[in-house]
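J.: Please see the structure below; I have some questions.
Residue numbers (the working numbering): 1 to 716.
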C-alpha cells in the first residue's frame with residue numbers, strides 16, 4: 001500500500017502573513033477531526049508558524065481554526081537545557097528545515113541552541129512527546145499556557161504536571177477551561193513554576209494569569225525522555241481519563257505507528273495515478289486539509305459514553321459535539337466531500353450541530369468553539385439541506401428543519417453571532433437595504449440561497465406550503481440586480497440604488513469582494529440567472545469579461561487594502577478572485593451556457609497555476625480551498641450544495657480511484673490527458689456515452705467507471 005501520509009506537506013501555506021495569504025495555515029499535527037492539533041510555534045501571533053522564521057519557541061497545543069478567529073485553550077511545550085529562560089523569545093532556539101520532519105502524524109525538529117531533538121505524535125485528545133537531550137543534568141521541559149486565568153501544579157514523585165487555562169479569544173462562556181495532564185517516564189530531579197518572567201524554584205503550584213511549570217531531568221543515561229499529555233474541556237479528571245484511554249501503557253513508537261496507519265487509511269480513500277510527483281503531493285496535501293475540521297469536541301466518559309462541555313450554555317451534556325467551522329466557506333466543498341466519502345462521519349457531525357442548537361437555541365454561523373460574529377448568512381441551512389437531499393442517515397431532520405426555519409423567520413443576535421443580521425429588512429423589502437445593514441447585496445444573495453435550502457428541507461418533510469413560500473423568497477436575488485449597470489448592486493430602503501456605482505469597488509454592499517465577484521452568486525437558480533443576464537450567449541460573454549478584465553480594485557469601505565485584493569491582483573485571472581470563496585463555482589457556470597470547454601480550460605489553469613505542494617491561493621478556511629482542488633482534480637464539482645448533483649468537468653489525473661461506502665469504487669479515467677488539451681471529446685459512464693453536464697449524487701455513490709477521452713474540440 002502506498003504511504004499516502006508521506007506525500008502530505010503540513011507546511012504548505014505557512015508562508016502566509018497578515019497582508020498576503022498562501023493558505024493562512026499552520027502545520028497541524030493531529031488525527032483527522034482531532035480535538036487538539038500540535039504545531040511548531042515560531043511566533044505567538046496568530047500566524048504561529050512562519051516557514052521563513054528561524055527560531056523555534058515550542059510545540060503548541062492549538063485549537064485555532066483561522067488566524068482571523070484566534071486560538072483558545074492553548075499552551076506550549078518546550079525542552080531547554082541550562083539556565084531557565086521562560087519567555088517565548090528568550091527561550092527560543094534556532095533550527096533548520098533540513099532537520100525538520102513534518103507529516104500529519106509526526107513532527108520533529110532539532111533545536112541547535114540546546115542540541116536537543118523534539119518529537120510529537122498525536123492521538124485524538126492528546127499526544128506523545130519524545131525529547132532527545134544531550135548528556136546533562138540540566139535538561140528541562142517547560143509547559144506554558146497563554147494569557148488568561150490559569151492553574152498549574154506538579155506532582156514530582158509521580159512525574160506529573162496538571163494544569164488548566166481559560167485562554168481564549170471569544171466564543172466561550174465564563175466557566176470555560178482547557179484542562180491538561182502531562183506524565184513523564186523519567187525521574188524528576190527538580191521542578192518549579194513561573195509567571196511573567198519570575199521563576200519559583202521547588203514550588204509545586206501556582207495560580208495566576210499565565211502560570212507555567214517546568215521539570216528537570218538527568219539524561220546521563222543517554223535515554224530520551226518521553227512525555228504523554230492529554231487534554232479535556234470538562235475536567236482534570238476527564239483529561240486523566242483521556243490520557244489513560246489513548247496513551248497510557250503505550251510506547252511512543254506504538255502511538256506513532258497507529259497515527260501513521262490512521263492517516264494512511266483515510267487518505268487512501270482516494271488513490272490517484274500521475275507521473276507528476278508535485279501534483280501528487282499537492283493533491284494529498286489538499287486532501288489532508290479537508291480532513292482536519294470541524295474539530296471533535298466530545299470526549300468519552302467511563303463505559304464509552306460520549307459527553308461534552310457545551311460552549312453554548314456552559315453545561316455538561318451527553319452526546320457528540322463538533323466545532324471550529326466557518327460555514328460560509330465549508331458548505332461549498334468540505335461537506336459535499338464528506339457526503340460522498342464519509343457519510344457516517346457526516347451524520348455524526350450534523351448531530352453535533354443539532355446538539356449545539358439544542359443547547360444554545362440557534363445554529364452557529366461561525367463556531368469557535370461557540371457562537372462567533374463572522375461572515376454573513378446562515379449556511380448551516382445549506383449543509384443540512386445538502387445532507388437531506390442526499391439521504392444522509394441518522395439525522396434528526398425535524399430539529400434541523402426547526403433550526404433552519406428559525407433562521408429564516410426570526411431575527412437573531414444584533415451583534416451577528418447567530419441568525420441573519422438584516423432579516424427584518426429583508427422580509428419587509430425583499431432585499432437587505434444597504435443604508436440599514438452593511439453588505440446588503442451580499443446578504444440578499446446569501447439569504448435567498450439559504451431560503452432555497454430551508455425550502456428543500458421543508459419539502460422533504462412534507463411542509464409544501466412553507467417550501468413554496470421559501471422557494472418564492474429564493475428569487476429575491478433578482479431584487480438586487482440592476483439591469484442598467486448589468487451587476488448586482490446595493491439598494492437603499494426607499495428602493496433606490498446606492499450611488500455612485502463602481503464594479504471594482506470592494507466592500508459596502510459586498511462582503512470581501514466587489515460587484516464582479518458577486519455577479520454570479522446565485523447557485524440555486526442558474527437558469528434564472530442566465531436569463532437575467534440576457535441568455536446563454538450573453539452569459540458566456542459576461543464570464544469571459546470577468547476572466548479578461550484587469551484585476552483592478554478600489555478599497556471602498558475597507559480601511560486598507562485587504563489581502564484578498566492583493567491576491568487577486570497578483571495573478572493573471574482577471575476579476576476571477578479564486579483566493580476567496582464567492583467565485584469558486586463560477587467557472588463551472590460556462591457548462592450551463594453550452595460552453596463546457598471553457599470550464600475545462602479555466603479549471604485546468606487554476607489547478608496548474610494556483611496550487612502547489614507548498615502554497616494555496618488564499619485562505620484555506622477549514623479545508624474549503626483544498627476541497628475545491630480535490631473535487632476539480634477528480635473531474636466533478638458540487639456547484640450548488642442543497643441539490644444532489646455535481647457538475648462535470650475534466651479529470652486532472654490519468655486515473656483516480658475513489659473508495660465509497662459499502663466497498664464500492666468510483667473510477668475516473670482520463671485518456672490522452674495533457675495540459676495542452678484538457679477538453680472532453682467523449683465521456684463514457686459505465687460503458688455508455690454520457691452527454692449531460694451533471695451527474696446525480698446517488699449515481700456516483702453506486703460506483704462505476706467514467707472514462708473521459710481528452711482532445712481539442714473544433715468549437716474552441
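Glycine included, every Cβ here is placed at the ideal spot set by N, Cα and C.
Counting pairs of Cβ atoms below 8 Å between the segment 227 to 237 and the segment 195 to 204, do you hit three or more?
T.: These segments do not touch.
J.: Assuming residue 335 contacts residue 383 (C-beta within less than 8 Å), just tell me the rounded distance between them.
T.: Taking the chain shown and counting its residues from 1, the one referred to as residue 335 is at position 335. Taking the chain shown and counting its residues from 1, the one referred to as residue 383 is at position 383. Going by Cβ atoms, the distance from residue 335 to residue 383 rounds to 4 Å, so yes, they are a contact pair.
J.: In whole angstroms, what is the alpha-carbon distance linking residue 2 and residue 258?
T.: Taking the chain shown and counting its residues from 1, the one referred to as residue 2 is at position 2. Taking the chain shown and counting its residues from 1, the one referred to as residue 258 is at position 258. Their backbone Cα atoms lie some 16 Å apart in a straight line.
J.: Looking only at its chain, what residues have a beta carbon closer than 7 Å to the beta carbon of residue 240, apart from the 5 residues adjacent to it on each side?
T.: Position 240 of the chain shown, counted from the start, is the residue given in the question as residue 240. Taken in chain order, the residues that qualify are 181.
J.: Hey, residue 417 and residue 373 are a contact pair by Cβ (cut 8 Å); roughly how many whole angstroms apart?
T.: Along the chain shown, one-based indexing puts residue 417 at 417. Along the chain shown, one-based indexing puts residue 373 at 373. Right, the Cβ-Cβ distance comes to about 5 Å (below 8 Å), so this counts as a contact.
J.: Measure the C-alpha to C-alpha separation of residue 722 and residue 501 and round it to an integer number of angstroms.
T.: Nothing in the structure corresponds to residue 722, since the chain is present only between 1 and 716.
J.: Would you give the residue range spanned by the alpha helix (DSSP H) that residue 492 belongs to?
T.: Here residue 492 is taken as the residue at index 492 of the chain shown, counted from 1. No alpha helix (DSSP H) holds residue 492; DSSP gives it neither H nor E.
J.: Nearest to residue 385 by CA position, among 401, 664, 377, is which residue?
T.: Within the chain shown, numbered from 1, the residue matching residue 385 stands at position 385. Ranking the options by Cα distance to residue 385, first place goes to 401.
J.: Can you give me the Cβ contacts of residue 395 inside the same chain, cut-off strictly under 8 Å, excluding the 5 residues immediately before and after it?
T.: Within the chain shown, numbered from 1, the residue matching residue 395 stands at position 395. Contacts found: 347, 350, 351, 354, 384, 387, 388.
J.: For residue 341, which of helix, strand or coil comes out of DSSP?
T.: Sequence index remark: in the chain shown, residue 341 carries index 341 (1-based). Reduced to three states, the DSSP call for residue 341 is helix.
J.: How about residue 294 and residue 322: do their beta carbons lie closer than 8 Å?
T.: On the chain shown, residue 294 is found 294 positions in, with the first residue counted as 1. On the chain shown, residue 322 is found 322 positions in, with the first residue counted as 1. Yes, these two residues count as a Cβ contact at 8 Å.
J.: So, residue 730 versus residue 284, is the Cβ gap smaller than 8 Å?
T.: Nothing can be reported for residue 730: it is not among the residues displayed for the chain, which extend from 1 to 716.
J.: Provide the residue(s) that pair with residue 727 in DSSP beta bridges, ordered along the chain.
T.: No statement about residue 727 is possible, as the shown extent of the chain runs from 1 to 716 and does not include it.
J.: Locate the alpha helix (DSSP H) running through residue 285, then write down its first and last residues.
T.: Residue 285 sits at position 285 when you count from the first residue of the chain shown. Start and end: 277 to 289.
J.: For the beta strand (DSSP E) containing residue 77, list its first residue and its last residue.
T.: Here residue 77 refers to the residue found at position 77 when the chain shown is read from its first residue. Taken as a continuous stretch (DSSP letters only), the beta strand (DSSP E) holding residue 77 covers 75 to 81.
J.: Would residue 455 pass as an interface residue toward chain C - the criterion being a Cβ-Cβ separation below 8 Å?
T.: Of the protein chains in the structure, only one exists, and it is not chain C.
J.: Would DSSP call residue 307 helix, strand or coil?
T.: The count along the chain shown starts at 1 and reaches residue 307 at position 307. Residue state, collapsed to three classes: strand.
J.: Which of the three DSSP states, helix, strand or coil, is assigned to residue 41?
T.: Taking the first residue of the chain shown as 1, we reach residue 41 at position 41. Of the three classes helix, strand and coil, the one that applies to residue 41 here is strand, per DSSP.
J.: Tell me, please, which residues DSSP counts as bridged to residue 129.
T.: Locating residue 129 in the chain shown gives position 129, where the first residue counts as 1. In the DSSP output, where bridge partners are listed per residue, residue 129 has 120, 227.
J.: What does DSSP give as the partner residue(s) for residue 157 in the beta ladder?
T.: Walking along the chain shown from the start, residue 157 turns up at place 157. DSSP, once it has assigned bridges, lists no residue as partnering residue 157.
J.: Check whether the Cβ atoms of residue 145 and residue 167 lie closer than 8 Å to each other.
T.: Your numbering for residue 145 matches position 145 in the chain shown. Your numbering for residue 167 matches position 167 in the chain shown. Contact: yes.
J.: Let me know if residue 483 comes out buried or exposed under the rule of 16 or more other beta-carbons within 10 Å of its beta-carbon.
T.: Sequence index remark: in the chain shown, residue 483 carries index 483 (1-based). With fewer than 16 Cβ atoms within 10 Å of its Cβ, residue 483 is classed as exposed.
J.: Just reading off the beta strand (DSSP E) that residue 709 is part of, what are its end residues?
T.: One-based indexing of the chain shown puts residue 709 at position 709. Looking at the DSSP string, the run of the beta strand (DSSP E) that includes residue 709 is 704 to 711.
J.: Say yes only if the C-beta of residue 434 is nearer than 7 Å to one or more non-hydrogen atoms of the ligand ATP, and no if none qualify.
T.: Ligands in the displayed structure: none, and consequently the ligand ATP is not present.
J.: Measure from the alpha carbon of residue 756 to the alpha carbon of each residue in 488, 35, 522, 495, then state which is nearest.
T.: Examination of residue 756 is not possible in this model, given that the chain is present from 1 through 716 alone.
J.: Between which two residues does the beta strand (DSSP E) carrying residue 318 extend?
T.: Looking up residue 318 in the chain shown gives position 318. 316 to 318 is the span of the beta strand (DSSP E), which, as asked, contains residue 318.
J.: Sorted by chain position, which residues of the same chain lie with C-beta nearer than 6 Å to residue 602's C-beta, five sequence neighbours on each side aside?
T.: On the chain shown, residue 602 is found 602 positions in, with the first residue counted as 1. Taken in chain order, the residues that qualify are 587.
J.: Just to confirm my understanding: we take residue 623, look at its own chain, exclude 5 residues before and 5 after, and list those with CB closer than 6 Å. What are they?
T.: Here residue 623 is taken as the residue at index 623 of the chain shown, counted from 1. Same-chain partners within the cutoff: 289, 290, 293, 334.
J.: Which whole-angstrom value describes the C-beta separation of residue 555 and residue 564, a residue pair presumed to lie in contact below a C-beta threshold of 8 Å?
T.: Position 555 of the chain shown, counted from the first residue, corresponds to residue 555. Position 564 of the chain shown, counted from the first residue, corresponds to residue 564. About 11 Å separates the two Cβ atoms, so there is no contact after all.
J.: Express the C-alpha separation of residue 246 and residue 377 in angstroms, rounding to a whole number.
T.: Residue 377 sits at position 377 when you count from the first residue of the chain shown. Residue 246 sits at position 246 when you count from the first residue of the chain shown. Going from the Cα of residue 377 to the Cα of residue 246 covers about 39 Å.
J.: Where residue 618 and residue 580 are concerned, what is the direct C-alpha to C-alpha distance, given to the nearest angstrom?
T.: Translated into the one-based positions of the chain shown, residue 618 becomes position 618. Translated into the one-based positions of the chain shown, residue 580 becomes position 580. So the two alpha carbons sit approximately 6 Å from each other.
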